[in-house]
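**Student:** Under the UniProt record's numbering, the first residue of the sequence shown carries the number 1, and numbering increases by one thereafter. We put the CB at the ideal spot given by N, CA and C, even for glycine. Below you will find the structure I want to go over with you.
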Amino acid sequence: MHRTRYHFLEETTSTNDEARNPRYGHGDAICAERQTAGRGQRGHTWSSEEGRNLMFSLVWEPRFLPVSEQFLLSEAVALALTDLFGGYGIDARIKWTNDIYAGDRKLVGILIEHNLTGDRLSRTIVGIGVNVNQTRFDPSLPNPSSMCLETGCEYDRQEVLHRLGDCLAARYEQLEKGDREALQADYRRRMYRLGERHRYRYPDGRTVEAVLRGVRPSGELLLELPDGRTEGYLFREIEFVIEGKRTARTDGTGCVLKK
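Here it is, written out as structure tokens:
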């Protein structure tokens, strides 16, 4: 199994930016206590209380993976996080595509960025922010939680980091060995609201009650509509409606592609 090598910084603009430095190679993880320009999905910022959480970016070089199968990497990352939380007794679920939830509260922010060579991925940077021991959050955040809030315990962040590194390496190895069907089956089983009927919102503001049935290998969310049809939705085509949450747009592939 590939081993993760850790590099620790006190401060950086964003660990994803730092990870672009060519001195870092496959399996390197860049960790920071402070980010002055942390980035989340869809151009959002990512903020974290210093000394309480984990912020790091992991470099992978998945040259075996075609661009058309990039969603598998998103699945592997999300599953590694649920593996981690399960080890701490937290029943975490994957809100499509790779937000990690405990109940209706968000534990993790993920930003995945790819570089391409032809029709294959050449370098992937996986940015992860895990809420570990933080218990007070900016009230403007829609629905945050942390490991500490979920269990009432404080955690050794270094232990959590190294355990997560092992989980990520194991899921990457599963993908590298071609065990795609098992990976996709695990992802589906751990999906937030799988098999449940809830409201969803279209970009024009209309809502629909639908049952979440899974996800296609290409990353499309599958919803069973009231008339019995099952439709697939991509990024920005539909969003979750979560009571008590200010905004809850779906995350698409969770990836940014760069030539």
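Here's the rule: buried if 16 or more other CB atoms are within 10 angstroms of the residue's CB, otherwise exposed. What is T15?
**Tutor:** Burial call: buried.
**Student:** Does the Cβ-Cβ distance between V59 and I110 come in under 8 Å?
**Tutor:** Result no, Cβ atoms of V59 and I110 do not sit closer than 8 Å.
**Student:** With DSSP run on the structure shown, which of helix, strand or coil describes E69?
**Tutor:** Note: E69 maps to helix in three-state DSSP.
**Student:** Which first and last residues belong to the beta strand (DSSP E) in which C31 is found?
**Tutor:** Start and end: 28 to 35.
**Student:** Ignore the nearest five residues each way along the sequence and tell me which others in M147's own chain have a CB closer than 8 Å to its CB.
**Tutor:** Result list for M147: F85, Y88, I90, L107, V130, N131, V132, N133, C153, Y155, V160, in chain order.
**Student:** Under the three-state reduction of DSSP, which class applies to Y101: helix, strand or coil?
**Tutor:** DSSP places Y101 in strand when its eight states are reduced to three.
**Student:** Taking just the CA atoms, how far does D179 sit from L81?
**Tutor:** Cα to Cα, the separation comes out at about 18 Å.
**Student:** Any idea if K95 is buried or exposed, counting beta-carbon neighbours within 10 angstroms, 16 or more meaning buried?
**Tutor:** Classification for K95: buried.
**Student:** May I have the straight-line CA-CA distance separating G43 from A37, to the nearest angstrom?
**Tutor:** Below a pLDDT of 50, predicted positions are generally treated as unreliable, and G43, at 45, falls in that range; the measurement from the model is reported next regardless. For G43 and A37, the distance between alpha carbons rounds to 11 Å.
**Student:** If you count every other CB in all the chains shown that lies within 10 Å of the CB of T124, and 16 or more means buried, which is it?
**Tutor:** Buried: at least 16 other Cβ atoms inside 10 Å.
**Student:** Report the residue from R193, L221, Q158, E173 whose alpha carbon sits nearest the alpha carbon of G27.
**Tutor:** The shortest Cα separation from G27 among R193, L221, Q158, E173 belongs to E173.
**Student:** Restricting to Cα atoms, I'd like to know which of E49, G232, S140 is closest to S218.
**Tutor:** Ranking E49, G232, S140 by Cα distance to S218 puts G232 first.
**Student:** Between R63 and L149, which are expected to be in contact by the criterion C-beta below 8 Å, what is the C-beta distance as a whole number of angstroms?
**Tutor:** Not confirmed; about 40 Å, so no contact.
**Student:** Please list the segments of the beta strand (DSSP E) lying wholly inside the region 135 to 209, counting only runs of 3 or more residues, in order along the chain.
**Tutor:** Listed in chain order, they are 197 to 201.
**Student:** Out of Y192, V208, M191, which one is the CA nearest neighbour of R199?
**Tutor:** When only C-alpha atoms are compared, the closest one is V208.
**Student:** Should R105 and S145 be called a contact, given that it needs their Cβ atoms to be closer than 8 Å?
**Tutor:** Their beta carbons are under 8 Å apart, which means R105 touches S145 by this criterion.
**Student:** Closer than 6 Å by C-beta to L65: which residues in its own chain qualify, once you throw out the five before and the five after it? Chain order, please.
**Tutor:** Within the same chain, L65 has close Cβ partners L121.
**Student:** Would you mind reading off the limits of the beta strand (DSSP E) that contains E231?
**Tutor:** First-last of the beta strand (DSSP E) with E231: 230 to 233.
**Student:** Using the C-alpha atoms, what's the distance from E10 back to R136?
**Tutor:** Cα to Cα, R136 sits roughly 22 Å from E10.
**Student:** Mind checking Q158: buried by the 16 CB within 10 Å criterion, or exposed?
**Tutor:** That one is exposed.
**Student:** According to DSSP, is G87 part of a helix, a strand, or is it coil?
**Tutor:** Three-state DSSP puts G87 in a helix.
**Student:** Applying the criterion that 16 or more other CB atoms from any shown protein chain within 10 Å of the CB defines a buried residue, is F8 buried or exposed?
**Tutor:** Exposed, since its Cβ has fewer than 16 Cβ neighbours within 10 Å.
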